[in-house]
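Read the structure below first, then the notes.
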Amino acid sequence: MERLLRLEFLTPAQAQVIPLERIRNFFTSGLYRRMREARRLERELRFLWEIDSSLMGYENAGSDKITVQGVADCVFWEDDGAVIVDYKTDRVSSAEELADKYREQLRMYRLILQKSLQTPVKSCIIYSFHLEKEITLHF
C-alpha cells in the first residue's frame, strides 16, 4: 500500500477506503496491463480550461464561456489515442448506476482534454474498486 501511495496510483483517501484485496485485483486487470504498456501515462493530470457553455449543454447561454477546473485520475496514450481513467470507490449495485452518475463528468473531461492536449481521446473508463471492474463509457 505504501508503494501505491508513493507512486501516486492511489490517494491517501482512496487507500483508506479500498480493501487491499480489491487493490490487488486491479493490478491483475487488463486495464492495468494496458496502462503499464502505454507509451505515455500521466497521473493526477490537472487542467483549467475555458469552454463554450453550449458544449456543456446550456442551450440559451449564447457565446458565454465557462471555466472548468479538474483532475483526471489517469490518462494514458496508446497508438490510436488517449484513454481517460477515473477511479471510483462508490458502493453501487451496478455498473450502469456508476456510469449514469459520472457520464457527464467524463464527457466534459474528454472534451477538455481533447482540446488542451490536441490529441484524440478514444475512450473514457471508470474503474470501480467496489465492483472490481472497468466500465467503458460511450459518447
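The numbering used here numbers the first residue of the sequence shown as -18 and each following residue consecutively.
For every residue, glycine included, the Cβ atom is placed at its ideal position computed from N, Cα and C.
Do you know whose CA, among the options, lies nearest residue i's CA?
i: Thr100; options: Ile107, Tyr108, Tyr90, Ile106; result: Tyr90
i: Gln86; options: Lys69, Leu(-12), Leu98; result: Lys69
i: Asp54; options: Phe120, Ser109, Ile47; result: Ser109
i: Leu118; options: Leu98, Arg72, Ala76, Arg21; result: Ala76
i: Val52; options: Leu(-15), Val73, Tyr83, Glu25; result: Glu25
i: Leu(-9); options: Asp67, Lys82, Arg84, Ser97; result: Asp67
i: Gln72; options: Glu18, Glu113, Ser97, Asp45; result: Checking the sequence, you will find Arg at residue 72 rather than Gln. Of Glu18, Glu113, Ser97, Asp45, the residue nearest in Cα terms is Glu113.
i: Phe120; options: Ser97, His111, Arg84, Leu98; result: Arg84
Short of 6 Å in beta carbon distance, which residues of its chain neighbour residue i, apart from the five on each side in sequence? Order them along the chain.
i: Glu23; result: Val56
i: Arg20; result: Trp58
i: Gly11; result: none
Using C-beta distances below 7 Å, list every residue in its chain close to residue i, excluding the 5 sequence neighbours before and after it, in chain order.
i: Ile93; result: Phe28, Trp30, Ile32, Val49
i: Met(-18); result: Ala(-4), Leu1
i: Tyr13; result: Phe7
i: Val181; result: The structure shown has nothing for residue 181, since the chain only spans -18 to 120.
i: Glu(-11); result: Arg24, Glu25
For my contact list, residue i and residue j are in at a C-beta cut-off of 8 Å; report their separation, rounded to the angstrom.
i: Ile47; j: Cys105; result: So it is not a contact: roughly 20 Å between Cβ atoms.
Which same chain residues, not among the five before or five after residue i, have their C-beta less than 8 Å away from its C-beta?
i: Ile116; result: Ala76, Leu79, Ala80, Ile106, Ile107, Tyr108, Ser109
i: Met16; result: Leu22, Cys55, Phe57, Val66
i: Arg(-13); result: none
i: Leu(-15); result: Leu(-9), Ala(-4), Ile4
If you measure from the CB of residue i, is any heavy atom of the ligand ATP nearer than 7 Å?
i: Ala(-4); result: Annotation note on the ligand ATP: not contained in the displayed structure, which lists no ligands.
Contact between the segment -7 to 2 and the segment 55 to 66: three or more CB pairs below 8 Å?
The segment -7 to 2 vs the segment 55 to 66: no contact.
Entirely enclosed alpha helix (DSSP H) segments - the segment 0 to 66, minimum 4 residues:
Under the rule that a run must span 4 or more residues, the alpha helix (DSSP H) segments found entirely inside the segment 0 to 66 read 1 to 7, 11 to 18.
Which ranges does the alpha helix (DSSP H) cover as unbroken runs of at least 4 residues, wholly within the segment 59 to 109, from first to last along the chain?
You should have 76 to 98.
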